[in-house]
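S.K.:
Numbering (the working numbering), first residue to last: 13 to 157.
Structure representation (structure tokens):
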């Protein structure tokens, strides 16, 4: 699966299919992250990230996939400091330059991702789920309405 490749270039940050299925069976959401998503070569992060979304939807279904951007760094210096201060968490060799035109280091790049979901044929409701409704459903389930 695509996740095999993802695991290879993300230094095992990705989860195997059986773990994702187990998470979904319990009602969980898999957050697909752009933080280490850039493949080697001429690909671009938007397409690579969308490939991961497609593959994850195929594995666990649309109701269990979300956008897992866990970091919103204000500038490159902050990102670089974070990376070098956390060598056990981040492999510098696989760091994605988030401030590139294909990056997702800032929320201003989110329209690229959203337009990509539209171009790949996701419905408005499916896009809303990926962009946050699935996580909102999970939060309400865990913490109550």
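Glycine included, C-beta positions come from ideal geometry on N, C-alpha and C.
Can you tell me whether DSSP reads residue 44 as helix, strand or coil?
M.R.: Locating residue 44 in the chain shown gives position 32, where the first residue counts as 1. Looking at residue 44 - three-state DSSP - the assignment turns out to be strand.
S.K.: Which one of 29, 58, 30, 67 has the shortest CA to CA distance from residue 127?
M.R.: Position 115 of the chain shown, counting from 1, holds the residue named residue 127. Residue 127 has its Cα closest to that of 58, out of 29, 58, 30, 67.
S.K.: Thinking residue 39 and residue 144 are a contact (beta carbons under 8 Å), I'd like their distance in whole angstroms, please.
M.R.: What you label residue 39 is simply residue 27 of the chain shown in a count that begins at 1. What you label residue 144 is simply residue 132 of the chain shown in a count that begins at 1. In fact, because the Cβ distance is near 16 Å, the residues do not count as touching under 8 Å.
S.K.: Apart from the five residues on each side of it in sequence, which residues of its chain come closer than 8 Å, Cβ to Cβ, to residue 72?
M.R.: Position 60 of the chain shown holds residue 72. Here the set comprises 32, 33, 35, 36, 42.
S.K.: For residue 144, which of helix, strand or coil comes out of DSSP?
M.R.: On the chain shown, position 132 is the one that residue 144 refers to. Residue 144 falls in the helix class under three-state DSSP.
S.K.: Got a sec? Which residues, its chain only, sit under 7 Å from residue 141 by beta carbon, not counting five neighbours each side?
M.R.: For the purposes of this step, residue 141 is identified with residue 129 of the chain shown, where counting begins at 1. Here the set comprises 74, 75.
S.K.: Counting C-beta neighbours from all protein chains within 10 Å, is the total for residue 60 16 or more, i.e. buried, or is it exposed?
M.R.: Residue 60 sits at position 48 when you count from the first residue of the chain shown. Per the 10 Å Cβ criterion, buried.
S.K.: In the DSSP assignment, find the unbroken alpha helix (DSSP H) run with residue 128 in it and report its ends.
M.R.: Counting from 1 along the chain shown, the entry for residue 128 is found at position 116. First-last of the alpha helix (DSSP H) with residue 128: 122–131.
S.K.: When the distance is taken between beta carbons, is residue 129 closer than 7 Å to residue 139?
M.R.: Locating residue 139 in the chain shown gives position 127, counting from the first residue. Locating residue 129 in the chain shown gives position 117, counting from the first residue. Yes, Cβ-Cβ distance for residue 139 and residue 129 is below 7 Å.
S.K.: For residue 78, report the span of its beta strand (DSSP E) as first-last.
M.R.: In the chain shown, the residue the question calls residue 78 occupies position 66. Note, residue 78: beta strand (DSSP E), 77–79.
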